[in-house]
Amino acid sequence: MTVSLITSTKQTRLLVQKPFQDKQQNNSAYCSIQWRQGQLLVKEPGHLKQPLLTPLENQEYLVKCLKHSPVNLVRIDPVLGEAKLKLWADACEQARKSMFLYVSPRGREKKSSSLVWQRLRRVTEWLTALSLLILLAPVMLGIMAFIRFNSEQSLFEREWHIGKRGRLFRIFKFRISKINYSNTNTESIKRQGNFNKLLHKYGLENLPQLFNVIRGEMSLFGLPSVTLEEAVRLTPQEEYKLDRLPGVISSWNLESKSSLLQLDSQIS
Numbered sequence: 015m016t017v018s019l020i021t022s023t024k025q026t027r028l029l030v031q032k033p034f035q036d037k038q039q040n041n042s043a044y045c046s047i048q049w050r051q052g053q054l055l056v057k058e059p060g061h062l063k064q065p066l067l068t069p070l071e072n073q074e075y076l077v078k079c080l081k082h083s084p085v086n087l088v089r090i091d092p093v094l095g096e097a098k099l100k101l102w103a104d105a106c107e108q109a110r111k112s113m114f115l116y117v118s119p120r121g122r123e124k125k126s127s128s129l130v131w132q133r134l135r136r137v138t139e140w141l142t143a144l145s146l147l148i149l150l151a152p153v154m155l156g157i158m159a160f161i162r163f164n165s166e167q168s169l170f171e172r173e174w175h176i177g178k179r180g181r182l183f184r185i186f187k188f189r190i191s192k193i194n195y196s197n198t199n200t201e202s203i204k205r206q207g208n209f210n211k212l213l214h215k216y217g218l219e220n221l222p223q224l225f226n227v228i229r230g231e232m233s234l235f236g237l238p239s240v241t242l243e244e245a246v247r248l249t250p251q252e253e254y255k256l257d258r259l260p261g262v263i264s265s266w267n268l269e270s271k272s273s274l275l276q277l278d279s280q281i282s
């Protein structure tokens, strides 16, 4: 049975202790949980000797715990791995708790501009993103109509990415329908293939990221955003990427090139 560890600077009501059932459990399956100043810190257990508690691998149970917890946010160490990060991210989203990845002091961004300049830039980008959404609304509606006509799936993909101060947020993208090659209608396959290539070529599937700019989760210009999969593989020298406001344009260009390469390999 997978178990978790807990420590706190004061008594916590977050978890209820249950009997320990598997004393031979590998320590890599554990995580230590510390409640400090309204934050829940989730780390590797190290050599801490603490009581073993009911498992936190069950998302439903974890959501229930977080909802009844007075913590305001959860800060988790990326070394716990992608699976645990996604589990906690989904649970925090359902419990309406903010989640951040731990960023060491070495990786934190140094303040290089004044607060007035930062706010002015934020307002400018907000107005620009809103104007672009209004201007591009007909294009976006056309893409949504095509996706809805050719697929029964949701219109958008919502992937976890890392933003300023290590904060997790959902990035918005149009969901690209996979081509059904078993379909005997060759005209339909050709039409859908051309549509997908058009979206990838111009990065149109990333247009919904303008909503991320309006929400303050992304900037119009900046470094490419970091996914959960990439975050757990960053070296100490690359940790600075966890404390930057990602840019839509950089992510747009990077994903468009990657998608085109994948599309060309499928066609060939």
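In the numbering used here, the protein residues as written are 15 to 282. Cβ coordinates follow ideal geometry from the N, Cα and C atoms, glycine included.
Buried versus exposed call for residue i [16 or more other C-beta atoms within 10 Å across all chains shown]
i       : result
Lys-88  : Lys is not the amino acid found at residue 88; the sequence shown has Val there. Val-88 is buried by the Cβ-count criterion.
Trp-174 : buried
Ala-97  : exposed
Asn-208 : exposed
Trp-131 : exposed
Arg-258 : buried
Ile-161 : buried
Ala-159 : exposed
Lys-215 : exposed
Ser-239 : buried
Leu-213 : buried
Ile-148 : exposed
Leu-242 : buried
Ala-151 : exposed
Lys-187 : buried
Leu-99  : buried
Selected residue, minimal CA-CA separation from residue i, among the options
i       : options                            : result
Phe-225 : Phe-235, Glu-219, Lys-204, Ile-185 : Ile-185
Ile-284 : Asn-220, Val-93, Ser-128, Val-227  : Shown here, the chain extends from 15 to 282; a query on residue 284 therefore has no answer.
Trp-301 : Gly-236, Arg-172, Ile-228          : Look at the range of the chain in this structure, 15 to 282, and you will see that residue 301 is not part of it.
Gln-223 : Ile-263, Asn-86, Leu-76            : Ile-263
Gly-105 : Lys-187, Gln-251, Tyr-75           : Here residue 105 is Ala; the residue named in the question, Gly, does not match the sequence. Nearest C-alpha to Ala-105: Tyr-75.
Ser-112 : Asp-257, Phe-235, Leu-54, Cys-79   : Leu-54
Ala-143 : Ala-109, Ile-161, Phe-235, Cys-79  : Phe-235
Lys-255 : Phe-170, Glu-107, Leu-147, Tyr-116 : Tyr-116
Lys-78  : Glu-252, Gln-108, Pro-92           : Gln-108
Pro-260 : Gln-251, Glu-123, Lys-100, Asn-210 : Glu-123
Pro-92  : Leu-212, Arg-120, Leu-146, Val-56  : Val-56
Asn-164 : Arg-247, Thr-241, Glu-201, Cys-45  : Glu-201
Leu-237 : Arg-136, Pro-59, Val-137, Glu-252  : Glu-252
Glu-244 : Pro-59, Cys-45, Leu-213, Gly-95    : Gly-95
Arg-110 : Cys-45, Leu-182, Pro-119, Arg-136  : Leu-182
Phe-114 : Ile-90, Lys-204, Ser-128           : Ile-90
Asn-72  : Leu-146, Arg-172, Leu-101, Arg-135 : Leu-101
Arg-172 : Ala-103, Val-137, Thr-249          : Ala-103
Neighbourhood of residue i by C-beta, 7 Å cutoff - its chain only, sequence neighbours within 5 removed
i       : result
Gln-167 : Arg-189
Ser-118 : Glu-253
Residue-chain proximity (residue i, chain C), Cβ-Cβ < 8 Å
i       : result
Gln-108 : The structure shown has no chain C; it contains just one protein chain.
Same chain, Cβ closer than 8 Å to residue i, five either side skipped, listed in chain order
i       : result
Ser-42  : For Ser-42, the pLDDT reaches just 46, beneath the cut-off of 50, and the residue's location in the model is therefore unreliable, although a value from the coordinates is still provided. Result list for Ser-42: empty, nothing under 8 Å.
Gln-146 : For the record, residue 146 in the displayed sequence is Leu; it is not Gln. Only Leu-224 meet the Cβ criterion.
Leu-169 : Met-158, Ile-161, Arg-162, Phe-188, Arg-189
Val-153 : Leu-218, Leu-221
Residues of its chain near residue i, where Cβ-Cβ distance is below 6 Å and the 5 sequence neighbours each way are ignored
i       : result
Arg-135 : none
Ser-249 : Checking the sequence, you will find Thr at residue 249 rather than Ser. Excluding sequence neighbours, Thr-249 sits near nothing in its chain.
### Query
Which whole runs of the alpha helix (DSSP H) in the stretch 51–139 are 4 residues long or more, in chain order?
As far as the stretch 51–139 is concerned, its whole alpha helix (DSSP H) runs of at least 4 residues are 73–81, 96–109.
### Message
Using a Cβ distance threshold of 8 Å, determine whether the stretch 74–89 contacts the stretch 48–60, with at least three qualifying pairs required.
### Response
yes
#### Entry: Ranges of the beta strand (DSSP E) found wholly within the stretch 181–242, counting only runs of at least 3
Listed in chain order, the complete beta strand (DSSP E) runs (minimum 3 residues) inside the stretch 181–242 are 182–188.
### Message
Pairs of beta-carbons, one from the stretch 231–251 and one from the stretch 176–185, closer than 8 Å: are there three or more?
### Response
Between the stretch 231–251 and the stretch 176–185 there are three or more inter-stretch CB-CB distances shorter than 8 Å, so the stretches are counted as touching.
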